[in-house]
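Let me begin by presenting the structure, written as structure tokens, before commenting on it.
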Amino acid sequence: MIALQKKATLFKKIREFFDAQGLTEVQTPSLLNTPTTDVYIDSIAVATNQEIGQNTYKYLHTSPELEMKKILSQGSGDIYQICQVFRDNEIGERNFNEFTLLEYYRLDFDIHQLISDISALLRHLGIHDEAVKMSYAQAFNQFGKIDILNTDFESLKRIALTHDLNIDFEWIEDLQMLLFVHLVEPCLKDLPVCFIYDYPSEQSALARVDGKIAHRFELYLSGVEVGNGYDELQSAKSYQQVFTRENAKRQQINKPSFELDLEFLACLEKPLPKCSGVAIGIERLASQLFAT
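So in numbering that gives the first Met the number 0, the last one in the sequence shown is 291, and the numbering has no gaps at all.
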């Protein structure tokens with residue numbers, strides 16, 4: 000009962016924060032016609048309309064991101080959503096097939112303005128520790144003594160071997176992430192609030208890229224990754240390129256590829272307004288918020 004009350008209070012405080020700033024709470028569909036193309040996130044397929052002869056598969060959303068961006072493209076202004084999301088093949092201490100996500104978007108914000116906004120949200124929720132900000136490159140240099148943006152794939156493999164780490168990877172970004180988990184993340188445990196920003200371009204996902212840098216960030220609370228945010232891509236062409244690249248990579252590791260979300264791409268014929276957005280895992284946030 001105490002856990003239920005704490006979670007209810009957490010939702011109330013989140014809504015207070017956004018309502019005071021004039022954000023609109025939205026609700027988007029959970030059952031979609033197309034699954035995610037993300038290489039390492041799998042949608043859960045649901046068989047529908049079997050008894051009425053209209054057999055179709057739909058997919059539980061892994062994130063409300065694309066559906067919220069459809070709303071943004073229609074001129075909604077700043078929006079937020081708290082919802083359940085679903086992911087297949089997720090088992091672990093902090094990974095689940097179903098969990099609660101807070102996702103929100105601020106127009107005309109870059110990632111540093113959004114980081115400041117999230118810091119204010121954390122203070123409103125009772126986390127008053129000073130936020131530490133460091134770039135991905137700074138973190139690797141400080142904790143791993145690696146110039147991560149200027150170290151090629153083969154050199155990273157040699158470094159990984161010195162730490163007895165696996166090097167059987169297809170792409171450099173997977174090895175970058177493995178090294179981050181082993182060399183950097185353990186050092187973040189002593190930082191109550193930490194934002195790591197400006198990731199290598201290979202890890203761009205749906206973030207805007209400038210040269211070697213993808214303008215995205217991750218939020219860590221005492222070493223636990225709680226959220227990730229992007230300076231969002233805006234054009235249909237850029238999203239189509241990402242989805243196509245992800246499908247090709249899925250095929251390369253023997254995962255199924257999928258039809259692109261043409262409805263989403265059509266919504267972006269007029270580019271998405273300049274904005275930054277973030278997704279925050281509520282259960283992970285609560286585990287840190289109520290740890291003491």
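We put the beta carbon where it would ideally sit given N, CA and C, even for glycine.
How is Phe194 classed by DSSP in three states: helix, strand or coil?
DSSP places Phe194 within a strand segment (E or B) once states are collapsed to three.
The beta strand (DSSP E) enclosing Glu102, as first and last residue numbers
Segment 97-106, the beta strand (DSSP E) holding Glu102.
What are the start and end residues of each continuous alpha helix (DSSP H) run of 4 or more residues lying completely inside the segment 249-290, in chain order?
261-266, 281-288
Contact set for Leu22: own chain, Cβ-Cβ below 7 Å, skip 5 residues either direction
Asp77, Ile78, Tyr79, Tyr103
Can you tell me the Cβ-Cβ gap for Ile279 and Tyr196, rounded? I've got them flagged as a contact below 8 Å.
Rounded, the Cβ-Cβ distance is 15 Å, inconsistent with contact.
For Gln83, does the count of other Cβ atoms within 10 angstroms reach 16, so buried, or fall short, so exposed?
exposed
Assign Ile110 to one of three DSSP states: helix, strand, or coil.
helix
Phe216, enclosing beta strand (DSSP E) - first and last residue
212-220
Endpoints, the alpha helix (DSSP H) within which Ile70 is located
First-last of the alpha helix (DSSP H) with Ile70: 64-72.
Chain-order list of residues whose beta-carbon lies under 6 Å from that of Lys211 (same chain, five-residue window excluded):
Leu148, Ser200
Three-pair Cβ contact test at 8 Å for the segment 217-231 versus the segment 247-259:
When C-beta atoms of the segment 217-231 are compared with those of the segment 247-259, fewer than three pairs fall below 8 Å, so the two segments do not count as touching.
To which residues of the same chain is Ser203 closer than 6 Å at the C-beta, ignoring the five residues directly before and after it?
Ala213
Could you check whether Ala206 and Tyr229 sit closer than 7 Å to each other, using their CB atoms as the reference points?
In this structure, Ala206 lies closer than 7 Å to Tyr229 by Cβ.
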